[in-house]
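Accompanying notes for the structure given below.
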Amino acid sequence: MILVLLGPPGAGKGTQAKGLEDRHALVQLSTGDMLRAAVAAGTDLGRKAGDIMDRGELVPDELVIGLIAERMDADGGPKGFILDGFPRTIGQAEALDRLLGERNKTVDRVIVIAVDDDALVARIIGRFTCAGCGEGYHDVFKKPKVADVCDRCGGSEFTRRPDDTEEVVRARLKAYYAQTEPLIGYYEQQGKVASVDGMADIETVEKEIDEALKGV
Ligand code: AMP
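The opening residue of the sequence shown carries number 0 in numbering that gives the first Met the number 0; numbering runs sequentially from there.
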């Protein structure tokens, strides 16, 4: 199964992707995670992408398309993958269709996670991640069960993203509405879209997504 998670920053794509990995044995492919790893490793790509990410803008299509092309073969997983944060432009969606077509595959379902704008900024500013396993948490909405200990792997080191500040979040939202939201129409034309209410709690959203995946 090839699943695309679509929604603004803070909608819960990363959280839901992690849950889907556990429940459906799919593999999460996150271009944001790949780019952050490239920045941390100081690669050529990381140097090109870092400043753009710090401003909350989208990095050029050809860079992320190259990343996805590499990783879908290497890390795609036997049961398929979840695309989190890709595609983000019509150009990327067309490239994805081409890449999958060459492999006799197609996007099976596009889950749109809808969230009110006001909630997004609050959600993003409070979030942090386990450095060991990548599980996501939030200062208010999803604290670890035991303070400073990851529920999933028991790790005690956590990180916050440098682009999770209010100013950069606003720029990321602007990029989402200008460049990414039009993808909903693109995939609606292909009859692949299911929308879920991202304002609900995490477990309810999980159930709605599983419902949307029945029969895929
Ligand atoms: P994310 O972790 O998905 O929120 O992505 C963090 C940042 O990485 C974004 O604000 C963009 O600068 C960059 N990025 C991630 N995925 C893409 C993509 N598919 N196209 C362009 N830029 C991306």
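We treat Cβ as the ideally placed atom computed from N, Cα and C, and that holds for glycine.
Could you name the residues that DSSP lists as bridge partners for residue i?
{"i": "ASP179", "result": "Correcting the residue identity first, residue 179 is Thr in this sequence and not Asp. Answer is none; THR179 lacks a bridge partner."}
{"i": "PHE223", "result": "With the chain covering 0 to 215 only, the question about residue 223 has no answer from this structure."}
{"i": "ILE112", "result": "VAL195"}
{"i": "ARG126", "result": "HIS137"}
{"i": "ILE89", "result": "BP columns for ILE89 are empty, so no partner."}
{"i": "ASP83", "result": "LEU4 and SER29"}
{"i": "THR158", "result": "THR128"}
What did DSSP end up calling residue i once you bin it into helix, strand or coil?
{"i": "GLY135", "result": "strand"}
{"i": "THR30", "result": "helix"}
{"i": "VAL63", "result": "helix"}
{"i": "ASP53", "result": "helix"}
{"i": "VAL145", "result": "strand"}
{"i": "GLY18", "result": "helix"}
{"i": "VAL58", "result": "coil"}
{"i": "GLN188", "result": "helix"}
{"i": "GLY11", "result": "coil"}
{"i": "ALA24", "result": "coil"}
{"i": "ASP163", "result": "coil"}
{"i": "ASP74", "result": "coil"}
{"i": "ARG151", "result": "coil"}
{"i": "ASP107", "result": "coil"}
{"i": "LYS206", "result": "helix"}
{"i": "ASP117", "result": "helix"}
Mind checking if residue i is an interface residue toward chain B, Cβ cutoff 9 Å exclusive?
{"i": "PRO181", "result": "In the structure shown, chain B does not exist; there is a single protein chain."}
Quick test of your reading: residue i and residue j, contact by CB under 8 Å. State the CB separation rounded to the nearest angstrom.
{"i": "ASP196", "j": "GLU210", "result": "Not a contact, Cβ separation roughly 12 Å."}
{"i": "PHE85", "j": "THR30", "result": "4 Å"}
{"i": "LEU62", "j": "ALA48", "result": "6 Å"}
{"i": "VAL9", "j": "ILE123", "result": "This sequence places Gly at residue 9; Val is not what is there. Between ILE123 and GLY9 the Cβ distance is about 4 Å, and since that is below 8 Å, they are a contact."}
{"i": "TYR175", "j": "PRO7", "result": "5 Å"}
{"i": "ASP60", "j": "THR88", "result": "6 Å"}
{"i": "ASP53", "j": "PRO181", "result": "At roughly 25 Å, the Cβ-Cβ gap does not stay under 8 Å, so ASP53 and PRO181 are not in contact."}
Who are the Cβ neighbours of residue i in its own chain at under 7 Å, not counting the five residues just before and after it?
{"i": "SER194", "result": "VAL111 and ALA113"}
{"i": "ARG108", "result": "LEU2, LYS191, ALA193, ALA211, LEU212 and VAL215"}
{"i": "TYR148", "result": "Note that residue 148 corresponds to Val in the displayed sequence, not to Tyr. Correct list, in chain order: SER155."}
{"i": "GLU56", "result": "ALA170 and ALA174"}
{"i": "GLN91", "result": "ASP60, VAL63, ILE64 and PHE85"}
Going along the chain, which residues of its own chain have a beta-carbon closer than 6 Å to the beta-carbon of residue i, five neighbours each way excluded?
{"i": "LYS78", "result": "ALA24 and LEU25"}
{"i": "LEU82", "result": "VAL3 and LEU28"}
{"i": "ALA37", "result": "LEU44 and GLY45"}
{"i": "GLU205", "result": "GLY18"}
Within its chain, find whatever has a CB closer than 8 Å to the CB of residue i; leave out the 5 residues flanking it on each side and keep chain order.
{"i": "GLU93", "result": "none"}
{"i": "HIS137", "result": "ARG122, GLY125, ARG126 and PHE127"}
{"i": "LEU119", "result": "PRO7, PRO8, GLY9, ALA10, VAL168 and LEU172"}
{"i": "LYS104", "result": "ILE1"}
{"i": "ARG159", "result": "ARG126, PHE127 and THR128"}
{"i": "ASP115", "result": "MET198"}
{"i": "THR164", "result": "ILE124"}
Is there contact here, the region 65 to 82 with the region 93 to 111, by at least three beta-carbon pairs under 8 Å?
-> yes
Pair every Cβ in the region 126 to 139 with every Cβ in the region 150 to 168, then say whether three or more of these pairs are closer than 8 Å.
-> yes
When the Cβ atoms of the region 25 to 42 are set against those of the region 137 to 152, are three or more pairs found closer than 8 Å?
-> They do not touch, by the three-pair rule.
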